[in-house]
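A short write-up of the structure that comes next.
Protein chains: 2
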Amino acid sequence: MGVVIPLGEAASDAGIGKLWSLVRTDMDRVNQAIVARTGSDVAMIPEVANHLIESGGKRLRPMMTLAAAGLCGYSGDGHVKLAASVEFMHTATLLHDDVVDQSDMRRGKLAARMLWGNEASVLVGDFLLGQAFRMMVEVGSLPCLSVLADAAAVIAEGEVMQISAAKDTATTEDDYIAVIRAKTAALFAAACEVGPILAGRPKAEMAACRAYGTNLGIAFQLIDDALDYGGSSSTLGKNVGDDFREGKITLPVVLSFRRGSAEERAFWSRTLEKGEITDPDLDTAIATMRRHRAIEDTIERARHYGAMARDALELFPASEHKAALLDVVDFCIRRAN
Amino acid sequence: MGVVIPLGEAASDAGIGKLWSLVRTDMDRVNQAIVARTGSDVAMIPEVANHLIESGGKRLRPMMTLAAAGLCGYSGDGHVKLAASVEFMHTATLLHDDVVDQSDMRRGKLAARMLWGNEASVLVGDFLLGQAFRMMVEVGSLPCLSVLADAAAVIAEGEVMQISAAKDTATTEDDYIAVIRAKTAALFAAACEVGPILAGRPKAEMAACRAYGTNLGIAFQLIDDALDYGGSSSTLGKNVGDDFREGKITLPVVLSFRRGSAEERAFWSRTLEKGEITDPDLDTAIATMRRHRAIEDTIERARHYGAMARDALELFPASEHKAALLDVVDFCIRRAN
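Quick mapping for you: the protein sequence lines, in order, are chains A and B. Following the working numbering, the numbering of the first sequence begins with 98 at its first residue and continues without gaps. Following the working numbering, the numbering of the second sequence begins with 98 at its first residue and continues without gaps.
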């Protein structure tokens, strides 16, 4: 199971099939909003935006918004625009990340910055963020705006935290979880929390949906980190070892470094801190991780957060939406197998 | 009169002295909000943000928000946070612009990207934009949020328009005005419009403040463009000829190209479209512009927009705030002398 699933195939996937069939009609409207709001008289904007948007991301985050709204019995229209806003925030982050990481590839295609330059990636990202806020304002819920504006600031804070820690092998597991809680989990949390807010549900349900999103987001990122040292280029939609080459300290590295010998630590310092990487180093890195069970244990940690996500939903009575959201947790973790 | 005025000197400037004394107390609160909201446990965020924020920009845009609110008799508190939001939106744009333009200098100092890297400039810009929206949400006026979210999207659209047109000497004056209407004037317009909205004033007054801001913003940018070919490094706070070296097509170039001989057009195509620039080319560019009165006429066009800005305010009865806002128009245009 790869990270990238073309939208059309999602229905046939056992893991998010239930989710997909529940939100399908609303997702059509979300997709229409996405197409409409990437439109601009400035031709480069839809070109750059659609290059990424049409490249077959799962659109998991907007589906979470729709499903959480459904879970809470919301019957209005606002969830569609908020779901599209969430996807735009995510797309803006990806465009900016590619510039920050100097990535060549994204979702198995050349990154937008390779085709249109860094400047287009920065500015089209800014445009999508502006359009996201426009849609949120149209929905008109100040509490939802508050949750999503918080997420926007926290995501950027997490990304800065990551570049600050990027070259530091002394990063602890706690440090690392703090980074991904901000850079990845904050958007999942916001995507899920706006559902009960729109539906006017009590605080406990808002908190439950938020906790579900946070823990799912952390699990999702940890699996991504594991896959970066364990998948193959075709299933990942990015080059295996990207994190390694970019000197990113992710949990598999943190665990390997702590558990390693002095010689192994020197290896991590040379490759990740000093960036002196030769051809066989990625294989050595993966072999070292396997020896210390660092990849398996990263997946094990993901299961822990997945279990917390599942428990957060226990507040809600059984429903199709609840079952679908529980399936998403399994889907996210099973990607690593 | 240079573009960069350290905050402390602003009071002694005849042009915006009236404005400064009217908004001084509120500006202290805006500055407190700015300091508080650049704070983060991630040390790099306040470092990067404050490098730019403390580098002595005029903070003209937040002063416009305060003055327009005063003009409309607003007696609440919301204008302070909105003014800080406007300054954060502006700062975020500058950080991203430096990456887009690959600038080395900003306000007479090394650009943040030269000290902390492109990635920090992109991400701290994103953080400030997130913080700006947080503050707007705290103020709680959906119509103000709408105006400012629109501006965020339009600014980015204008910047993309500019990079699309960057190397095209066939750009018309209309094309160029459309670019600066979006990338510069949209934020001035929004900064001024939120005042009457907060004060609950009639539509005609919102439109008047918006028109004032738009036309002032256009005049401001045209003078900046003229200064880029006419000032000196120390008064500009950036290197004279930056626009030329970056191949930016601004109004002085548009006018010189249209009015020029075939040989001169070949010069503009070589330098700006092909980017083949040698040492004496900047002097040749400036001499060519002088010969065609392109710099004077750019300033003349700025006067035209300045007059429209002034007329937009005629709706309002005489007041200290009105007089101060009228002075700002003169101040912006006199910078070129």
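Backbone N, C-alpha and C define an ideal beta-carbon position, used for all residues, glycine too.
Inter-stretch contact at 8 Å, needing at least 3 Cβ pairs: the region 283 to 294 of chain B / the region 305 to 315 of chain B: yes
Whether Val244 of chain A touches Glu290 of chain A by CB criterion (9 Å): yes
Val120 of chain A beta carbon less than 9 Å from that of Gly167 of chain A: yes
Cβ-heavy atom distance, Ile113 of chain B to the ligand HEM, below 8 Å: The ligand HEM is absent from the structure shown, which contains no ligand whatsoever.
Burial state of Ala399 of chain A (16 or more Cβ within 10 Å): buried
DSSP state of Lys371 of chain A mapped onto helix, strand, coil: coil
Residues near Val183 of chain B in its chain [Cβ-Cβ closer than 6 Å; skip 5 each side]: Arg158, Pro159, Thr162, Ala288
Assumed close pair Pro349 of chain B, Ile392 of chain B - CB separation to whole angstroms, cut-off 8 Å: 5 Å
Neighbour flag for Arg231 of chain B against chain A, beta carbons, 9 Å: yes
Rounded C-alpha distance that separates Thr368 of chain A from Pro240 of chain A: 45 Å
Reference Asp247 of chain B, options A:Arg231, A:Glu397, A:Ala262, closest by Cα: A:Arg231
Which of helix, strand or coil DSSP assigns to Arg298 of chain A: coil
Counted within 10 angstroms of its Cβ, other Cβ atoms place Gly222 of chain B as buried (16 or more) or exposed: buried
Through-space distance from Phe185 of chain A to Lys155 of chain A, alpha-carbon basis: 13 Å
Buried or exposed (CB count within 10 angstroms, at least 16 for buried), Ser238 of chain B: buried
Supposed close pair Val337 of chain B, Thr268 of chain B - CB separation, criterion 8 Å: Not quite, the Cβ-Cβ distance comes to about 22 Å (not below 8 Å), so this is no contact.
Min CB distance Leu226 of chain B to chain A below 9 Å: yes
Alpha-carbon to alpha-carbon, Gly205 of chain B and Ser330 of chain B: Unreliable placement is indicated for Ser330 of chain B, whose pLDDT of 39 sits below 50; the coordinate value is still reported in the next sentence. Going by the C-alpha atoms only, they are around 8 Å apart.
Contacts that Asp247 of chain A makes with chain B (C-beta to C-beta distance below 7 Å): Arg231
Reference Glu55 of chain B; option with closest CA among A:Ala275, A:Pro293, A:Thr347, A:Phe224: This structure cannot speak to residue 55 of chain B, because chain B is shown only from 98 to 434.
Close beta carbons around Ala263 of chain B, own chain, < 7 Å, minus the five adjacent residues each side: Gly344, Lys345, Ile346
Residue of A:Gln318, A:Arg355, A:Pro377 minimising C-alpha distance to Gly403 of chain A: A:Gln318
Under the three-state DSSP convention, the category Glu106 of chain B falls into: Residue placement at Glu106 of chain B cannot be trusted, given a pLDDT of 42 that sits under 50; the coordinates are not used to answer.
Counterpart residues of Arg436 of chain A in DSSP-defined beta bridges: Residue 436 of chain A falls outside the range modelled here, since chain A spans only 98 to 434, and no answer is possible.
Short CB-CB distance (under 9 Å) between Ser329 of chain B and chain A: Residue placement at Ser329 of chain B is flagged as unreliable, the pLDDT there being 38, under the threshold of 50; the coordinate-derived value follows with that caveat. Output row for Ser329 of chain B: interface = no.
Partners in chain B for Met141 of chain A, counting only beta-carbon separations shorter than 7 Å: Val257, Ser261
Amino acids of chain A, ordered along the chain, whose beta-carbon sits closer than 8 Å to that of His193 of chain B: Val219, Leu220, Asp223
Rounded C-alpha distance that separates Gly214 of chain B from Ser200 of chain B: 12 Å
Cutoff 7 Å; reference Met141 of chain B; Cβ partners in own chain excluding five residues on either side: Trp213, Ala217
Other residues of its chain near Phe428 of chain B: CB distance less than 6 Å, five sequence neighbours each side excluded: Gly112, Ile113
Separation of Val426 of chain B from Met405 of chain B, as counted between CA atoms: 10 Å
Candidates B:Ala165, B:Val145, B:Met124, of which the one nearest Phe85 of chain B by Cα: Because chain B in this structure spans residues 98 to 434, residue 85 of chain B falls outside the shown range and cannot be described.
Best match in A:Lys115, A:Arg126, A:Gly136, A:Arg356 for proximity to Ala250 of chain B [C-alpha to C-alpha]: A:Gly136
Cβ-based contacts, 8 Å cut-off: residues of the region 405 to 423 of chain B near chain A: none
Proximal chain B residues relative to Ser353 of chain A, where beta-carbon distance stays under 9 Å: Those within 9 Å of Ser353 of chain A in chain B number zero; the least Cβ separation is about 25 Å.
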